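A quick write-up on the structure given underneath.
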Amino acid sequence: MASNDTTASGVLVVGLGRFGSALADTLDAMDVEVLAVERDGDLVERWSKRLPVVQADATDPRALEQMGAEEFSAAVVGVGTSLEASVLITGNLVDIGMQEIWAKAISTEHARILRRIGAHHIVFPESDAGARVAHSVGGRMLDYIEIDEGFTIVKMRPPLETHNFSLAELKLRDKYGVQVIGVMSPGGEFEYGSKSTVLHADDLLVVGGDGDLVERFAQRP
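In structure tokens form, the structure reads like this:
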């Protein structure tokens, strides 16, 4: 197994299906060094004008070695429909000592196998997207991200009772167990929340805390 290189950087994205291509394209737009790996020639041709792409079969460890995969600090395995390919690719990345491995899973059993062989993070694209939409539909929440079990960050509109009061006056952590991380006013820039921050009806709040507590706060009128 290769040793981790602290100078490694960039993200290797394996698979240019809908999930992998969207992720690679977004990383590239963010000026993150990215290299996409895809064995389908049609997909390689489609994306080669927009992204750095290598046509290769990542289930073959020699292919990863030839493209210098160990020089990247993170990898995303976007192959999900073929469980065998997903497992082989993830195992190959573990063997070369990849520092961070994110792997797409299509079932809990698939996820269990990926974790067992060494994937650091498991992604369920469709169910994750569904959960975010479900939390946003019909309420004050505009976006919902579960950072870890027990901690959630949401973007939301401020409840009526908070309008025109400062965070010091509201004492939201004491009253509701949530923390206003930041506030964005219309046309303004994001500002971190402080005791003197006053909330207005047309502000957008970034709120963090226990998932259940954040949801209860977001459901207040």
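So the number in our numbering is just where the residue sits in the sequence shown, counting from 1, plus 8. Virtual Cβ for every residue (Gly too), placed ideally from N, Cα, C. Bear in mind that the values here come from a model prediction, so they are computed numbers and not experimental data.
Asked: Does DSSP put L24 in a helix, a strand or coil?; Found: coil
Asked: Please report the distance separating the alpha-carbon of S115 from that of T89.; Found: 10 angstroms
Asked: Let me know if S202 comes out buried or exposed under the rule of 16 or more other beta-carbons within 10 Å of its beta-carbon.; Found: exposed
Asked: Which residues mark the beginning and the end of the beta strand (DSSP E) in which L213 is found?; Found: L212 to G217
Asked: G76 CB to nearest chain D CB: under 8 angstroms?; Found: The structure shown contains no chain D, having only a single protein chain.
Asked: For the beta strand (DSSP E) that A83 lies in, which residues bound it at each end?; Found: A82 to V85
Asked: Helix, strand or coil for I125, going by three-state DSSP, please let me know.; Found: helix
Asked: Could you tell me if Q225 is buried or exposed, where buried requires 16 or more neighbouring beta carbons within 10 angstroms of its beta carbon?; Found: The amino acid at residue 225 is misidentified as Gln; the sequence shows Phe. Buried, because 16 or more other Cβ atoms sit within 10 Å of the Cβ of F225.
Asked: Is M149 buried or exposed, if buried means 16 or more other CB atoms sit within 10 Å of its CB?; Found: buried
Asked: I believe V3 touches V162 by the beta-carbon criterion, under 8 angstroms. Please report the beta-carbon distance rounded to the nearest angstrom.; Found: Nothing can be reported for residue 3: it is not among the residues displayed for the chain, which extend from 9 to 229.
Asked: For A7, which of helix, strand or coil comes out of DSSP?; Found: With the chain represented from 9 up to 229, any question about residue 7 goes unanswered, as that position is not in the structure.
Asked: Taking the beta carbon of A30 as the centre, do at least 16 other beta carbons fall within 10 Å, making it buried, or is it exposed?; Found: exposed
Asked: From G196 to D211, what does the alpha carbon distance come to, in whole angstroms?; Found: 10 angstroms
Asked: State yes or no: is the C-beta of A83 within less than 8 angstroms of the C-beta of L59?; Found: no
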